[in-house]
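Q: What follows is a single structure, and I will ask about it in a moment.
Protein chains: 2
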Amino acid sequence: MVTIASKKREIKCPITAMLQLIGGKWKPVILYCLRSEKRRFGEISARIPDLSRKVLTEQLKELEEDGLLTRQQFNEIPPRVEYELTELGKSLAPVLNEMEKWGIENIIEKPNKANAAQSTD
Amino acid sequence: MVTIASKKREIKCPITAMLQLIGGKWKPVILYCLRSEKRRFGEISARIPDLSRKVLTEQLKELEEDGLLTRQQFNEIPPRVEYELTELGKSLAPVLNEMEKWGIENIIEKPNKANAAQSTD
DNA sequence: TTGGCCGGTTACTTAAAGGTAACAGGTTAC
DNA sequence: GTAACCTGTTACCTTTAAGTAACCGGCCAA
């Protein structure tokens, strides 16, 4: 996967630019999951059950490379790893909040379905 | 392609829900392009040069099926087709505005900040 | 001796997205 | 009579994302 660093200079559209960082099926969900607290790998995985551990590992690595979160590894047995948003990652909060709001108002609550919103938080 | 209509009832996370609608490489850019005015097919294409006409057609069709924009075809020679956001599409404005803002502040204007660790200075 | 704990990695496969190039159609301009 | 105009469509191919399943280390409890 190409991180933003190698592409940055080619980008002119701010939307395209930001999609380089948080595009993909899972990244916004992962960031949303971490928005208020640091979490362990297994915690994130449990909160996003449809996301395989392999893909989660990949996405976390890319997010770390792009400076959106930090990975802290504790050399314990069994191992423990914590992921936490950086300041840059936290600065995405308004975007994620608007996304959440829109999703709730226009999809979760509106459609024919009594579908209780279950957040990843 | 699966439109949101067929998936809506399975979705619990608002972020996931909204990614069903505007996920993908180009949809946010297209919506951003249409945010303030209706545009012709060729206009959109010209404004997003890296997006092929084939993919643009596909994405526009999906966005129309999901109720985010309308397609108005004029039976003229040569043909003219105009795309315009619906109210639902316009309601995405806050999301797109935050994305634009973030992209400008954190990538366009600060090209070396996101990966400061790799910087040599 | 086996299996669970946790956070992965590896190898393989499938599904989805996206790209290129050629062509269509009806009228007008050359 | 041919090319351009505009908005596609079609056929075909490549790239990327994502999914599955098995396995790893190192310690501990049964």
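As you go down the protein sequences, you meet chains A and B in turn.
All residue numbers for the first sequence refer to our numbering, where the first residue is 2 and numbers rise by one.
All residue numbers for the second sequence refer to our numbering, where the first residue is 2 and numbers rise by one.
Don't be surprised by glycine CBs; every beta carbon is placed ideally from N, CA and C.
1) Using only alpha-carbon positions, find the residue among B/ILE105, B/GLU88, B/GLU99 that is nearest to B/GLU65.
2) Taking 8 Å as the threshold (beta carbon to beta carbon), is A/ILE16 in contact with chain B?
3) Leaving out five residues before and five after B/ILE23 in sequence, what residues of the same chain have Cβ atoms less than 6 Å from its Cβ?
4) Under the criterion of a Cβ to heavy atom distance below 7 Å, does A/PRO79 qualify as lining the ligand FAD?
5) Do you know how far the Cα of B/ILE31 is from the Cα of B/PRO50?
6) Below 8 Å CB to CB, which residues in the same chain sit around A/ASN116 once its five sequence neighbours on both sides are set aside?
7) Alpha carbons only, please: which of B/ASP67, B/SER92, B/ARG40 is nearest the one belonging to B/GLU85?
8) Under a Cβ-count criterion, where at least 16 other Cβ atoms within 10 Å of its own Cβ denotes burial, should A/PRO15 be classed as buried or exposed?
9) So that I know if they touch, is there some Cβ in chain B lying closer than 8 Å to that of A/SER120?
10) In the DSSP assignment, find the unbroken alpha helix (DSSP H) run with A/THR17 in it and report its ends.
11) Taking 8 Å as the cut-off, decide whether the C-beta atoms of A/VAL82 and A/ARG72 are in contact.
12) By how many angstroms is the C-alpha of B/GLU38 removed from the C-alpha of B/GLU77?
13) Would you mind working out which of A/LYS26, A/LEU20, A/GLU101 sits nearest B/GLN21, comparing C-alpha positions?
A: To lay it out plainly:
1) By 1-based counting over the second sequence, the position of residue 65 of chain B is 64. Per the Cα distances, B/GLU88.
2) Taking the first residue of the first sequence as position 1, residue 16 of chain A is located at position 15. For A/ILE16, the answer is yes, since a Cβ of chain B falls inside 8 Å of its Cβ.
3) Locating residue 23 of chain B in the second sequence gives position 22, counting from the first residue. Answer for B/ILE23: PRO29, listed in chain order.
4) This structure lacks the ligand FAD, and indeed carries no ligand of any kind.
5) Taking the first residue of the second sequence as position 1, residue 50 of chain B is located at position 49. Taking the first residue of the second sequence as position 1, residue 31 of chain B is located at position 30. C-alpha separation (whole angstroms): 12 Å.
6) Along the first sequence, one-based indexing puts residue 116 of chain A at 115. Because A/ASN116 sits at a pLDDT of 38, beneath the cut-off of 50, its placement in the model cannot be relied upon, and the following sentence gives the value as read from the coordinates. Once the five neighbours on either side are set aside, the close Cβ partners of A/ASN116 are ILE109.
7) Taking the second sequence and counting its residues from 1, the one referred to as residue 85 of chain B is at position 84. Selected option, being the one with the closest Cα: B/ARG40.
8) Taking the first residue of the first sequence as position 1, residue 15 of chain A is located at position 14. The residue in question, A/PRO15, is buried, as its Cβ has 16 or more Cβ neighbours within 10 Å.
9) The residue you call residue 120 of chain A lines up with position 119 of the first sequence. Reliability fails at A/SER120, whose pLDDT of 46 lies under 50, so the model's placement of it is uncertain and the value that follows must be treated cautiously. Judged by the 8 Å Cβ criterion, A/SER120 is in contact with chain B.
10) Counting from 1 along the first sequence, the entry for residue 17 of chain A is found at position 16. A/THR17 -> alpha helix (DSSP H) spans 15 to 23.
11) What you label residue 82 of chain A is simply residue 81 of the first sequence in a count that begins at 1. What you label residue 72 of chain A is simply residue 71 of the first sequence in a count that begins at 1. Yes, these two residues count as a Cβ contact at 8 Å.
12) Your numbering for residue 77 of chain B matches position 76 in the second sequence. Your numbering for residue 38 of chain B matches position 37 in the second sequence. Rounded to whole angstroms, B/GLU77 to B/GLU38 spans 21 Å at the Cα level.
13) Start at 1 with the first residue of the second sequence, and residue 21 of chain B comes out as number 20. Among A/LYS26, A/LEU20, A/GLU101, the Cα nearest to that of B/GLN21 belongs to A/LYS26.
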